[in-house]
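Numbering (the numbering used here), first residue to last: 6 to 184.
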């Protein structure tokens, strides 16, 4: 799975070409789900398997949901390190855009080799601390190493805690994002 690929990289992130390949492959999978009005809700490296040619296959659709006519859901569900802020506080509901936040977290991890928020917190014991980190911490791409600005911006553009701003970013699906 993609988690093992990251583990083998030893916390250093993956080369640009690998990040682009995996990101594009995951995007195609999410786009297929979203075109069918299905929200995945648990995108993380552990739920991305690789086939014999290295293409990503999204697995474990156990908490996925087919959205009804409102295109919103209100359940707090998923893996906290990858969960969009609107999922943790679903007063107005959320849609497929929550999967794009999770993709941004995965891209960050592929580029940097570590999680952007709450990486020092255990997901089962410290959910509140993880979500507070998502809400309050600044996005920091570097741990004593310099990263190319283009790589970091491509990951960061998916992570916005204001779902209403997605309308300016997602036009006609996800393809406008150059990875």
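Positions of the beta carbon are idealized from the N, C-alpha and C atoms, including for glycine.
CB residue 116 to CB residue 24, shorter than 8 Å? Taking 8 Å as the Cβ cut-off, residue 116 and residue 24 qualify as a contacting pair.
So, with DSSP's three-state summary, where would you put residue 8? If DSSP states are grouped into helix, strand and coil, residue 8 belongs with the helices.
Give the C-beta separation of residue 110 and residue 86 to the nearest angstrom, bearing in mind that I take them to be a contact with Cβ-Cβ under 8 Å. Taking C-beta atoms under 8 Å as the contact rule, residue 110 and residue 86 qualify, at a distance of about 7 Å.
For residue 55, three-class secondary structure by DSSP: Residue state, collapsed to three classes: strand.
Contact belief for residue 48 with residue 108 at Cβ below 8 Å, rounded distance in angstroms: The C-beta distance from residue 48 to residue 108 rounds to 6 Å, short enough to meet the 8 Å contact threshold.
Using a Cβ-Cβ cut-off of 8 Å (strictly less than) and excluding sequence neighbours within five positions of residue 149, which residues of its own chain qualify? Caution applies to residue 149, whose pLDDT of 44 falls short of 50 and renders its modelled position unreliable; the value that the coordinates give is listed next. No residues qualify anywhere along the chain.
Spell out a yes or no on whether the segment 90-99 and the segment 49-59 are touching, meaning 3 or more CB-CB pairs, one atom from each, closer than 8 Å. A contact between stretches requires three or more CB pairs, one per stretch, nearer than 8 Å, and the segment 90-99 fails this requirement with the segment 49-59.
Any chance the segment 131-146 sits against the segment 73-80, with 3 or more Cβ pairs inside 8 Å? Cβ pair count under 8 Å is below three, so no.
Going by the CB atoms, is the gap between residue 35 and residue 45 shorter than 8 Å? The answer is yes: Cβ separation under 8 Å.
Thinking just about the alpha-carbon of each residue, which of 103, 142 and 84 is nearest to the one in residue 132? Of the listed residues, the one whose Cα sits closest to residue 132 is 84.
List the DSSP bridge partners of residue 49. None, per the DSSP bridge assignment.
Here's a check: name, in chain order, each residue in its chain whose Cβ is nearer than 7 Å to the Cβ of residue 54, leaving out the five neighbours to either side. Excluding sequence neighbours, residue 54 sits near 6, 62 and 64.
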